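Participant:
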């Protein structure tokens with residue numbers, strides 16, 4: 032009996048030793064996703080609380096770079112280019128740093144968002160934007176650091192930072208009008224050759240209405256007649272063949288073969304040659 036008990040006790044003690052106790056994070060993380068116009072923006076940060084401490088001028092010293100949160104640097108990710116203070120920044124991820132002051136703050140977007148807090152060595156060449164904004168006093172204390180998006184319009188928003196009794200906001204703009212205008216022009220001009228080609232190939236692959244597929248592929252070939260594409264012509268031959276129009280299928284395959292030879296594309300040379308043999312044209 033003793034021989035049985037000892038291994039069991041050892042197993043229980045090993046299990047207790049390897050167990051990990053989970054406790055709440057002192058500064059819990061938050062992830063916010065916000066769409067401004069047609070731009071997707073993601074904010075990721077950790078949220079410390081006051082816990083009876085004086086924050087600005089003490090924990091976050093005036094005139095010194097602050098990580099604007101806790102733990103890893105606060106990160107903003109934009110799906111499109113965007114504008115801050117008339118400066119256009121490229122889409123991507125940025126670390127958010129601030130320099131608090133009694134009356135004004137500097138808000139900094141830093142191109143390296145992989146640091147744990149502030150960088151060990153500050154690199155001014157990585158500063159994508161540096162904006163001075165007024166600090167506003169709040170009528171009450173905000174216990175936990177809160178960052179969010181305020182005053183949303185179709186193309187602008189304010190990144191608002193609140194903690195203790197202070198609020199600062201950074202306005203930014205997204206290229207909504209430019210994106211919408213481009214979309215309108217595209218739609219008004221009708222579908223492109225690629226749109227026609229893609230739709231026709233989809234119909235061929237899914238065995239849908241070949242008459243419609245033929246209209247689309249013929250239009251795509253017509254739209255690219257000044258610079259023939261052998262892969263367009265290849266699909267045209269297959270669609271015509273499936274629609275029972277062998278004569279025009281052969282014509283398209285011969286054209287595809289011609290331009291495939293010019294491009295020295297062995298795969299298309301073989302595919303077209305095989306099809307032409309199958310259809311009795313070689």
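Numbering (this note's numbering), first residue to last: 32 to 313. Note that beta-carbon positions come from the ideal geometry of N, C-alpha and C, so glycine has one too. Values in this document were obtained by computation on a predicted structure and should not be read as measured data.
#1: Going by alpha carbons, who is nearest to residue 103 out of 68, 147, 273?
#2: Taking 9 angstroms as the threshold (C-beta atoms), are residue 207 and residue 185 in contact?
#3: What three-state label does DSSP hand residue 197 in the structure shown?
#4: Looking only at C-alpha atoms, which of 288, 272, 225 sits nearest to residue 302?
#5: By alpha-carbon positions, which one of 276, 81, 68, 296 ends up nearest to residue 171?
#6: Please report the straight-line C-alpha distance between residue 180 and residue 110, rounded to a whole angstrom.
#7: Leaving out the 5 sequence neighbours to the left and right, which residues in its chain are closer than 7 angstroms to residue 112 when beta-carbon positions are compared?
#8: For residue 267, I'd like the list of residues in its chain whose CB is within less than 6 angstroms of its CB, leaving aside the five on either flank, ordered along the chain.
#9: Measure the C-alpha to C-alpha separation of residue 225 and residue 202 and round it to an integer number of angstroms.
#10: Which full runs of the beta strand (DSSP E) of 3+ residues lie inside the segment 173 to 229, going along the chain?
#11: Check each candidate in 56, 293, 258, 312 and name the one with the smallest Cα separation from residue 280.
#12: Do residue 308 and residue 300 have their CB atoms nearer than 9 angstroms?
#13: Mind the definition here: the segment 134 to 153 touches the segment 89 to 100 only if three or more C-beta pairs lie below 8 angstroms; say whether that holds.
#14: Taking the straight line between their C-alpha atoms, what separation do you get for residue 160 and residue 139?
#15: For the segment 258 to 274 against the segment 232 to 244, do three or more pairs of beta-carbon atoms, one drawn from each stretch, fall closer than 8 angstroms, so that the two count as touching?
#16: Distance, Cα to Cα, residue 125 vs residue 83?
#17: Secondary structure at residue 294, three-state DSSP: helix, strand or coil?
#18: Could you give the distance in angstroms between the alpha-carbon of residue 165 and the alpha-carbon of residue 189?
#19: Considering only residues of the same chain and omitting the five flanking positions on each side of residue 86, which have a CB-CB separation below 7 angstroms?
#20: Taking all protein chains shown into account, decide if residue 233 is buried (16 or more other Cβ within 10 angstroms of its Cβ) or exposed.
#21: I need the DSSP call for residue 126, collapsed to helix, strand or coil.
Facilitator: So, from the data block:
#1: 147
#2: yes
#3: strand
#4: 288
#5: 81
#6: 16 angstroms
#7: 119, 120, 121, 122, 206
#8: 248, 252, 283
#9: Approximately 38 angstroms between the Cα atoms of the pair.
#10: 187 to 204
#11: It is 312.
#12: no
#13: Touching, yes, given that three or more Cβ pairs across the two stretches are closer than 8 angstroms.
#14: 6 angstroms
#15: yes
#16: About 31 angstroms.
#17: helix
#18: 13 angstroms
#19: The answer, listed in chain order, is 194, 195.
#20: exposed
#21: strand
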